[in-house]
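So the protein sequences, as listed, match chains A and B.
First residue of the first sequence: 172, per the working numbering; consecutive thereafter.
First residue of the second sequence: 172, per the working numbering; consecutive thereafter.
Glycine residues also receive a C-beta, built at the ideal position from the N, C-alpha and C atoms.
Some notes on the structure that comes next.
There are 2 protein chains.
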Amino acid sequence: MLQVAEMMQKFGFTTTKIPVDHEGFINLEKLKEAVDNETILVSVSAVNNEIGTVQPIKEAVDIVKAKNPQALFHTDASDAYGRIPFNVQNLNVDLATVSSYKIQGPRGMGAMYLREGINFERILEGQIGTQKLWPGVENTPLIVGFTKASELAFQNFDANVVKMRMLRDKLVDGIFSELDDLRFNGPKGDKRSPDNANVSILRAEGEALTIELSLKGVYVSSGSACSRRLLQPSHVLVAIGRRFSEAHGSILMKTTRYLTEEDIAYVLEVLPTAVNRIRGIVGSTGVD
Amino acid sequence: MLQVAEMMQKFGFTTTKIPVDHEGFINLEKLKEAVDNETILVSVSAVNNEIGTVQPIKEAVDIVKAKNPQALFHTDASDAYGRIPFNVQNLNVDLATVSSYKIQGPRGMGAMYLREGINFERILEGQIGTQKLWPGVENTPLIVGFTKASELAFQNFDANVVKMRMLRDKLVDGIFSELDDLRFNGPKGDKRSPDNANVSILRAEGEALTIELSLKGVYVSSGSACSRRLLQPSHVLVAIGRRFSEAHGSILMKTTRYLTEEDIAYVLEVLPTAVNRIRGIVGSTGVD
Numbered sequence: 172m173l174q175v176a177e178m179m180q181k182f183g184f185t186t187t188k189i190p191v192d193h194e195g196f197i198n199l200e201k202l203k204e205a206v207d208n209e210t211i212l213v214s215v216s217a218v219n220n221e222i223g224t225v226q227p228i229k230e231a232v233d234i235v236k237a238k239n240p241q242a243l244f245h246t247d248a249s250d251a252y253g254r255i256p257f258n259v260q261n262l263n264v265d266l267a268t269v270s271s272y273k274i275q276g277p278r279g280m281g282a283m284y285l286r287e288g289i290n291f292e293r294i295l296e297g298q299i300g301t302q303k304l305w306p307g308v309e310n311t312p313l314i315v316g317f318t319k320a321s322e323l324a325f326q327n328f329d330a331n332v333v334k335m336r337m338l339r340d341k342l343v344d345g346i347f348s349e350l351d352d353l354r355f356n357g358p359k360g361d362k363r364s365p366d367n368a369n370v371s372i373l374r375a376e377g378e379a380l381t382i383e384l385s386l387k388g389v390y391v392s393s394g395s396a397c398s399r400r401l402l403q404p405s406h407v408l409v410a411i412g413r414r415f416s417e418a419h420g421s422i423l424m425k426t427t428r429y430l431t432e433e434d435i436a437y438v439l440e441v442l443p444t445a446v447n448r449i450r451g452i453v454g455s456t457g458v459d
Numbered sequence: 172m173l174q175v176a177e178m179m180q181k182f183g184f185t186t187t188k189i190p191v192d193h194e195g196f197i198n199l200e201k202l203k204e205a206v207d208n209e210t211i212l213v214s215v216s217a218v219n220n221e222i223g224t225v226q227p228i229k230e231a232v233d234i235v236k237a238k239n240p241q242a243l244f245h246t247d248a249s250d251a252y253g254r255i256p257f258n259v260q261n262l263n264v265d266l267a268t269v270s271s272y273k274i275q276g277p278r279g280m281g282a283m284y285l286r287e288g289i290n291f292e293r294i295l296e297g298q299i300g301t302q303k304l305w306p307g308v309e310n311t312p313l314i315v316g317f318t319k320a321s322e323l324a325f326q327n328f329d330a331n332v333v334k335m336r337m338l339r340d341k342l343v344d345g346i347f348s349e350l351d352d353l354r355f356n357g358p359k360g361d362k363r364s365p366d367n368a369n370v371s372i373l374r375a376e377g378e379a380l381t382i383e384l385s386l387k388g389v390y391v392s393s394g395s396a397c398s399r400r401l402l403q404p405s406h407v408l409v410a411i412g413r414r415f416s417e418a419h420g421s422i423l424m425k426t427t428r429y430l431t432e433e434d435i436a437y438v439l440e441v442l443p444t445a446v447n448r449i450r451g452i453v454g455s456t457g458v459d
């Protein structure tokens, strides 16, 4: 979204970034101040993809609509879909987007909810077939795959959520009991997505850890600058006030309905060993 | 491409459409006249997707570069890839695009050849990962699938081409020996893609034929206005001078390396029956 906002700025639109608190929650007061009668669109992710913060979307929509009923409200619900109860009608959003691969569906497919009556123009041109918003022939295999993944995610929604949360909690508790010098990133409890774990492991560079773990079949992401194309640490971790060294050693892990307790036990076996090895090699506390 | 040209026009660019002859070949004289020192981009499909016309890309590139060496030349080679010999270096094009599903690879994937040193900006914004020209996480399954499809298309290229041509010729000869009041659309011989058959079946509406054949497991496209979202007949057939009634009853069929002689025999069994049934129902010669 940040990149899209920057692009819109190049086109001459004015954009405003709303700050977040130390757990990643949007500042609703600042949102209220920012909306005026020239506001066209407000976009807030329903769940932050890095630290799992469940945003107060309903409250945000009410604030925006009270100040400017014409302003459209969009939420990227990719990290909410299949993880928290989410209902476009109850939330009163105008637009919502979800992504297939985030619920273990095929990559390259997503869906957009568009409130009836909203006028919309496609951003890409080409031969228009049965789809109005995207050129080309509709991708039937990916559509069917995404539909099936949605079915699987929602037919046992409650059980899936309980399982993701239980496995995530075991994972986080295990890491904190095995290692010291850690920071837990993002909120705890109900206001965090049940699948999300994000931990800064001080004195262990995230990129090195990512690679070492991948050799053991464990795949994590890192907020380390070294893992990122632009060599900037995670803007999310920076926004919640993490220092460079904390972002540098951060890893992001997500549980799914397909993981087992054995999988978590295996991660808890290899992760501390990898961290201790990397910490031993570096042998320094990092520089802020 | 037409829609993209129209979009560029909205953005303030001037665009020129180069006419084609009755077989769909681009008019090189008109191309020469159209290129001037303000020309930024010329785009010509290597093979027309509806009537299989193999365009003289090398000649077109030479003409464009002679008049304006700075003008970029793009060719959409989606219908050439895996069907005719095609070499970006020999043709001296600056940009070439191909599509996975056109060689029986997965849908939703393609590739672009970009001559080294050409400055390029992406048209969509979002999080940039390992790809510079398209936001988001690269789609590994589709990339692998497309690569495998390319391998299969090219490891027996000559044999595949011979097979596609032989099956296509059997199909066309069979249709012409079984039915009358037909028009063959596009060129014959080496200047036609080996997989492409396009026949106008007068007094048989293409949309009805498409549906009737699909019930028998035979999938064809039609240039009929009724098959098209905008209720306009195929602009390709119109451009080569076909009348409305001719476009209306046109069907497009393509052979692949996976089809067999039995498949063609089956099509030749069900197609004339379907045509005669539809012609009998309509019982008119159509109106121009």
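Q: Could you confirm whether any beta carbon from chain A is found closer than 7 angstroms to the beta carbon of residue 266 (chain B)?
A: no
Q.
Between residue 250 (chain B) and residue 289 (chain B), how many whole angstroms is the CB-CB distance? I'm expecting something under 8 angstroms.
A. That belief does not hold up - the Cβ atoms of residue 250 (chain B) and residue 289 (chain B) are roughly 23 angstroms apart, past 8 angstroms.
Q) Does the region 338 to 357 of chain A come close enough to the region 296 to 315 of chain A that 3 or more CB-CB pairs lie under 8 angstroms? A) no
Q. Under 7 angstroms between C-beta atoms, does residue 464 (chain B) make it to chain A?
A. In the structure as shown, chain B begins at 172 and stops at 459. Residue 464 (chain B) is therefore absent and cannot be evaluated.
(Q) Any beta carbon of chain A sitting closer than 7 angstroms to that of residue 315 (chain B)? (A) no
Q | Spatial distance of residue 523 (chain B) from residue 183 (chain B) (CA atoms) | A | What the structure shows of chain B is the stretch from 172 to 459, and residue 523 (chain B) is not part of that stretch, so it cannot be assessed.
Q | Delimiting residues of the beta strand (DSSP E) encompassing residue 336 (chain A) | A | From DSSP, residue 336 (chain A) is part of no beta strand (DSSP E) but of the alpha helix (DSSP H) over 328 to 349.
Q. What residue range is occupied by the uninterrupted beta strand (DSSP E) comprising residue 377 (chain A)?
A. Looking at the DSSP string, residue 377 (chain A) is not in any beta strand (DSSP E); the run it does join, the alpha helix (DSSP H), is 377 to 386.
Q: List the residues of chain A whose Cβ lies closer than 7 angstroms to the Cβ of residue 178 (chain B), in chain order.
A: 296
Q) With residue 418 (chain A) and residue 409 (chain A) assumed to form a contact (beta carbons below 8 angstroms), what rounded beta-carbon distance in angstroms separates them? A) 6 angstroms
Q.
When you compare the region 202 to 222 of chain B with the region 237 to 247 of chain B, are there three or more beta-carbon pairs, one atom per stretch, that lie closer than 8 angstroms?
A. yes
Q) In chain A, what lies closer than 9 angstroms to residue 174 (chain B) by C-beta? A) 296, 297, 298, 299, 306
(Q) Can you look up residue 207 (chain B) in the DSSP assignment and give me helix, strand or coil? (A) coil
**Q.** Range covered by the beta strand (DSSP E) that runs through residue 243 (chain A)
**A.** 243 to 247
Q. Alpha carbon to alpha carbon, what distance is there between residue 239 (chain B) and residue 233 (chain B)?
A. 10 angstroms
Q) When the distance is taken between beta carbons, is residue 187 (chain B) closer than 7 angstroms to residue 180 (chain B)? A) no
Q.
Taking the alpha-carbon of residue 389 (chain A) as reference, which of A:425, A:404, A:351, A:376 has the nearest alpha-carbon?
A. A:425
Q: Run down chain B in chain order and give the residues with a C-beta less than 8 angstroms from the C-beta of residue 278 (chain A).
A: 308, 310, 311, 312, 313
Q: Starting from the Cα of residue 423 (chain B), find the closest Cα among B:381, B:286, B:229 and give me that residue.
A: B:381
Q. From residue 353 (chain A) to residue 420 (chain A), what does the alpha carbon distance come to, in whole angstroms?
A. 9 angstroms
Q: Give the straight-line distance between the Cα atoms of residue 227 (chain B) and residue 261 (chain B), rounded to the nearest whole angstrom.
A: 12 angstroms
**Q.** N-terminal and C-terminal residue of the beta strand (DSSP E) that residue 460 (chain A) is part of
**A.** Outside the displayed range of chain A (172 to 459) lies residue 460 (chain A), so it cannot be described from this structure.
Q) So is residue 235 (chain A) buried or exposed if we call it buried at 16+ other beta carbons inside 10 Å? A) buried
(Q) If distances are taken between C-alpha atoms only, which option among B:252, B:243, B:329 comes closest to residue 225 (chain B)? (A) B:252
Q) Run through DSSP, which three-state label would residue 182 (chain B) get? A) coil
Q | Span of the beta strand (DSSP E) around residue 368 (chain A) | A | 367 to 372
Q: Note down the Cα distance separating residue 333 (chain A) from residue 323 (chain A), rounded to an integer number of angstroms.
A: 15 angstroms
Q) CB residue 411 (chain B) to CB residue 193 (chain B), shorter than 7 angstroms? A) yes
Q. Should residue 442 (chain B) go down as buried or exposed, given a rule of 16 or more other Cβ atoms within 10 Å for buried?
A. buried
Q: Check residue 274 (chain A) in the structure and name its three-state DSSP category.
A: helix
Q | Enclosing alpha helix (DSSP H) for residue 355 (chain B) [first to last residue] | A | Note, residue 355 (chain B): premise wrong, no alpha helix (DSSP H); beta strand (DSSP E) at 353 to 355.
Q. Which of the three DSSP states, helix, strand or coil, is assigned to residue 267 (chain B)?
A. strand
Q. Excluding the five sequence neighbours on either side, which residues of its own chain have a C-beta within less than 6 angstroms of the C-beta of residue 211 (chain B), listed in chain order?
A. none
Q | Beta-carbon separation (whole angstroms), residue 405 (chain A) vs residue 394 (chain A), contact threshold 8 angstroms | A | 3 angstroms
(Q) Counting C-beta neighbours from all protein chains within 10 Å, is the total for residue 221 (chain A) 16 or more, i.e. buried, or is it exposed? (A) buried
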